[in-house]
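Scroll down for the structure; my scribbles are underneath it.
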Amino acid sequence: MAYTVKEIFYTLQGEGQNAGRPAVFCRFSGCNLWTGREADRHAATCQFCDTDFIGVGPDGGRFADASLLAKAVLDRWPDQRDGRARGGQPLVVCTGGEPLLQLDEAAVAAFHDVGFQVAVETNGTQPAPAGIDHVCVSPKADAPLVLTRGQELKLVYPQTQPSAQPERFAALDFDAFYLQPMDVTDQAVSDENIRATLAYCLAHPQWRLSLQTHKLLGIR
Ligand code: SF4
1 MAYTVKEIFY TLQGEGQNAG RPAVFCRFSG CNLWTGREAD RHAATCQFCD
51 TDFIGVGPDG GRFADASLLA KAVLDRWPDQ RDGRARGGQP LVVCTGGEPL
101 LQLDEAAVAA FHDVGFQVAV ETNGTQPAPA GIDHVCVSPK ADAPLVLTRG
151 QELKLVYPQT QPSAQPERFA ALDFDAFYLQ PMDVTDQAVS DENIRATLAY
201 CLAHPQWRLS LQTHKLLGIR
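Per my numbering: the sequence shown = residues 1 to 220.
Laid out in structure tokens, this is it:
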């Protein structure tokens, strides 16, 4: 299978359970909940996206098979010997767009072959291939949820739709539950979202606060 990737880059994971951990991000192109075009945002299932996942960027590419994709990820890792990533527990974070439209067992196996643990950040509407080490589901209102277990459930908060309230997800089979304040262009609204998230976590200690520390740090 061929893969279309918007960008591949090395950074620190900014949010959730792996926050602060060096990782290669592999951003797959395309999403099933929005076209990525502003003209379509009002009609999209997911309307608060802040990510450009259209097409292939300068750090991305089209890869004819899984081994070529894994090689491109390996090339970004700073410590590699004998064709494998070294140093701690090398991590590739498969994100998007919606990565599970493309990530398959062959790609997961190819990442493992070059020494990476494999994490995925998904909207949860697609089944996941076997072998992923860290599944983070970020549900979106009114989108059917297919993935109901994993390591991390991360909900952007607050969302107005009844179907996107934390109570809907609290009984699912995840190791940890995170609320992440919705970040918008209006700083006053973002600040209010942080306050609302703090209040919810303090009142419902099952939930932990996830901050987008990469934005606070000004890193990619
Ligand atoms: S599901 Fe994720 S990638 Fe797709 S539009 Fe929503 S936030 Fe963006």
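Every residue gets a Cβ at the ideal spot worked out from N, C-alpha and C, and that includes glycine.
Residue i classed as buried or exposed, judged by whether at least 16 other C-beta atoms fall within 10 angstroms
i	result
Met1	exposed
Lys140	buried
Leu202	exposed
Gln89	exposed
Ile219	exposed
Straight-line Cα distance separating residue j from residue i
i	j	result
Ser190	Tyr178	17 Å
Ala249	Phe63	A question about residue 249 goes unanswered here, because the residues of the chain that appear run from 1 up to 220.
Gln206	Asp82	43 Å
Ala43	Gly87	45 Å
Glu105	Phe116	14 Å
Val137	Asn123	6 Å
Ala196	Val114	42 Å
Gly97	Gln180	18 Å
Gln161	Asp79	45 Å
Phe111	Leu74	8 Å
Val135	Asp186	31 Å
Gly150	Arg37	30 Å
Residue i: CB within 6 Å of a non-hydrogen atom of the ligand SF4
i	result
Asn123	yes
Leu100	no
Leu155	no
Gly97	yes
Lys215	no
Leu33	yes
Thr160	no
Cys136	no
Thr185	no
Residue interval of the beta strand (DSSP E) (run including residue i)
i	result
Arg27	Pro22 to Phe28
Asp175	Asp173 to Pro181
Trp207	Trp207 to Leu209
Delimiting residues of the alpha helix (DSSP H) encompassing residue i
i	result
Ala196	Gln187 to Ala203
Thr11	It is not in any alpha helix (DSSP H) - Thr11 instead sits in the beta strand (DSSP E) that spans Tyr3 to Leu12.
Asp75	Ala66 to Arg76
Leu216	Thr213 to Leu217
Uninterrupted alpha helix (DSSP H) stretches inside the region 78-157 (no shorter than 4 residues): 105-113
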